[in-house]
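Below is one structure, written out as structure tokens; comments come after it.
There are 2 protein chains.
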Amino acid sequence: MRYRKIPDETVRRLPTYLRGVLVLSEKGLKRVSSKRLADLLGINPWQIRKDFSYFGDFGTPGVGYDTLKLQKRISKILRLNSNHKAVLVGAGNLGSAVMAYGGFSRYGLDIVAAFDKDPKKIGKKKNGVTVEDVSKIGGIKKRKVDLGIIAVPVEDAQVVADDLVKAGVKGILNFSPRHITVPKKVKVISIDIAMDLARLPYYMSAG
Amino acid sequence: MRYRKIPDETVRRLPTYLRGVLVLSEKGLKRVSSKRLADLLGINPWQIRKDFSYFGDFGTPGVGYDTLKLQKRISKILRLNSNHKAVLVGAGNLGSAVMAYGGFSRYGLDIVAAFDKDPKKIGKKKNGVTVEDVSKIGGIKKRKVDLGIIAVPVEDAQVVADDLVKAGVKGILNFSPRHITVPKKVKVISIDIAMDLARLPYYMSAG
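First to last, the protein sequences are chains A and B. Under this note's numbering, think of the first position of the first sequence as 403, with each following residue one higher. Under this note's numbering, think of the first position of the second sequence as 403, with each following residue one higher.
Shown next as structure tokens:
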């Protein structure tokens, strides 16, 4: 089955929908209405119906959407229907939190290796993964890793990004509050915790 | 000056613009073109020009936008032109990373207190802030705190959210991979690290 071209804004909401659908599936729900999903995710029900209309109309009025079908459809569009391997660079507080975070496997993501430059951290185990010397990061090429997570201090972020790209990583989740430069074919998503906190006051006064 | 109603999608991009403008201002740039900002942020230049058109046309063709004016305008719209106080609950790995993160003050945000229930953490200092007993969280009411950051294990997230709301917090940044329920007047932004990583494969195969 071919889908109509899905607009960027809709794609941006898909992971949020997937998260909601997974939460409801895990609770045993087989069907969900756009209203219920809307309440859970804080998105307008009409927006949800419009977004879902782009990838096939498997919702039934008055009955709702099939959660399992939704989950499979969205996973497929997001290319999460096959597994992806990720490596973490930086095993400090943030890196340790990422390792302990869990919830990656539900999206088909595995953190298979962790690296640091600090001899005190190398060799330590974090959630079943042993921290390796960052100088050996090139070795991940053989392990078919396609995702990298940067959780190092800001001054090391670019060097680590370069190393990850050299090692064949195609996507980077960047926690350092700094813009990193990578070749066009590599996709970067940056998480700036301070900026996320800075989003709140607008909505606080609006409500 | 009154602005036209700014669409939600534009508002959602404003913190990203603010971040970019701050980075360029800190480098000493007085003017920036939509093209330059586009390259820095990975947003289309036409999208930037369209978004900026909602809050006054202070860009000059061929010269660009005044970075300081942009910064002030966006800060004002986002209600970041006055300071906001935040508290952190959960001083584990993630909480410690948040405290060490820095970069909050650039948005006018201050983390003024941190709480935990673990006696081993209470009394310890993290980036100049002493971790207090979470049972005393009600005390923040007097300190005019309006933001809360939840960095506790998933099973404690809802209780902490309830405590924060009772203590008068109007906005919550939730790091626990769980939906928390709060009164309508309180705004929640959730950060799900696993979900952010899950966004990458779509763009990797598209590029």
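We put the beta carbon where it would ideally sit given N, CA and C, even for glycine. Because the structure is a prediction, the values reported are computed rather than measured.
CB contact check: residue i to chain B, cutoff 9 angstroms
{"i": "residue 462 (chain A)", "result": "no"}
{"i": "residue 453 (chain A)", "result": "no"}
{"i": "residue 498 (chain A)", "result": "yes"}
{"i": "residue 506 (chain A)", "result": "yes"}
{"i": "residue 418 (chain A)", "result": "yes"}
{"i": "residue 563 (chain A)", "result": "no"}
{"i": "residue 430 (chain A)", "result": "no"}
{"i": "residue 495 (chain A)", "result": "yes"}
{"i": "residue 434 (chain A)", "result": "no"}
{"i": "residue 447 (chain A)", "result": "no"}
{"i": "residue 593 (chain A)", "result": "yes"}
{"i": "residue 572 (chain A)", "result": "yes"}
{"i": "residue 545 (chain A)", "result": "no"}
{"i": "residue 468 (chain A)", "result": "no"}
Within-9 angstroms CB hit, residue i to chain A
{"i": "residue 403 (chain B)", "result": "Caution is warranted here: a pLDDT of 46 is assigned to residue 403 (chain B), below 50, making its placement in the model unreliable, and the coordinate value is therefore given only provisionally. It does not: the Cβ of residue 403 (chain B) has no partner Cβ on chain A nearer than 9 angstroms."}
{"i": "residue 456 (chain B)", "result": "no"}
{"i": "residue 590 (chain B)", "result": "yes"}
{"i": "residue 515 (chain B)", "result": "no"}
{"i": "residue 606 (chain B)", "result": "yes"}
{"i": "residue 472 (chain B)", "result": "no"}
{"i": "residue 481 (chain B)", "result": "yes"}
{"i": "residue 411 (chain B)", "result": "yes"}
{"i": "residue 444 (chain B)", "result": "yes"}
{"i": "residue 521 (chain B)", "result": "no"}
{"i": "residue 421 (chain B)", "result": "yes"}
{"i": "residue 575 (chain B)", "result": "yes"}
{"i": "residue 568 (chain B)", "result": "no"}
{"i": "residue 510 (chain B)", "result": "yes"}
Short Cβ contact (9 angstroms threshold) for residue i with residue j
{"i": "residue 595 (chain B)", "j": "residue 575 (chain B)", "result": "no"}
{"i": "residue 500 (chain B)", "j": "residue 450 (chain B)", "result": "no"}
{"i": "residue 527 (chain A)", "j": "residue 533 (chain A)", "result": "yes"}
{"i": "residue 603 (chain A)", "j": "residue 504 (chain B)", "result": "no"}
{"i": "residue 520 (chain B)", "j": "residue 417 (chain A)", "result": "no"}
{"i": "residue 529 (chain B)", "j": "residue 496 (chain A)", "result": "no"}
{"i": "residue 458 (chain B)", "j": "residue 555 (chain B)", "result": "no"}
{"i": "residue 476 (chain A)", "j": "residue 423 (chain A)", "result": "yes"}
{"i": "residue 553 (chain A)", "j": "residue 583 (chain A)", "result": "no"}
{"i": "residue 488 (chain B)", "j": "residue 547 (chain B)", "result": "yes"}
{"i": "residue 569 (chain A)", "j": "residue 586 (chain A)", "result": "no"}
{"i": "residue 541 (chain B)", "j": "residue 565 (chain B)", "result": "no"}
{"i": "residue 545 (chain A)", "j": "residue 516 (chain A)", "result": "no"}
Coil, strand or helix - residue i by DSSP
{"i": "residue 467 (chain A)", "result": "strand"}
{"i": "residue 403 (chain B)", "result": "Note on residue 403 (chain B): pLDDT 46, under 50, position unreliable in the model; no value is reported."}
{"i": "residue 446 (chain A)", "result": "coil"}
{"i": "residue 568 (chain B)", "result": "helix"}
{"i": "residue 433 (chain A)", "result": "strand"}
{"i": "residue 408 (chain B)", "result": "coil"}
{"i": "residue 418 (chain A)", "result": "helix"}
{"i": "residue 562 (chain B)", "result": "helix"}
{"i": "residue 541 (chain B)", "result": "helix"}
{"i": "residue 476 (chain B)", "result": "helix"}
{"i": "residue 549 (chain B)", "result": "strand"}
{"i": "residue 452 (chain B)", "result": "helix"}
{"i": "residue 428 (chain A)", "result": "helix"}
{"i": "residue 605 (chain A)", "result": "helix"}
Enclosing beta strand (DSSP E) for residue i [first to last residue]
{"i": "residue 520 (chain A)", "result": "Neither: residue 520 (chain A) is in no beta strand (DSSP E) and is coded neither H nor E."}
{"i": "residue 590 (chain B)", "result": "589-592"}
{"i": "residue 533 (chain A)", "result": "531-535"}
{"i": "residue 490 (chain B)", "result": "486-491"}
{"i": "residue 574 (chain B)", "result": "573-576"}
{"i": "residue 510 (chain B)", "result": "Looking at the DSSP string, residue 510 (chain B) is not in any beta strand (DSSP E), and its letter there is neither H nor E."}
Limits of the alpha helix (DSSP H) - the one that residue i falls within
{"i": "residue 599 (chain A)", "result": "595-600"}
{"i": "residue 502 (chain A)", "result": "495-503"}
Contact belief for residue i with residue j at Cβ below 8 angstroms, rounded distance in angstroms
{"i": "residue 482 (chain B)", "j": "residue 456 (chain B)", "result": "17 angstroms between Cβ atoms; not a contact."}
{"i": "residue 490 (chain B)", "j": "residue 524 (chain B)", "result": "13 angstroms between Cβ atoms; not a contact."}
{"i": "residue 420 (chain B)", "j": "residue 470 (chain B)", "result": "About 12 angstroms; that fails the 8 angstroms criterion."}
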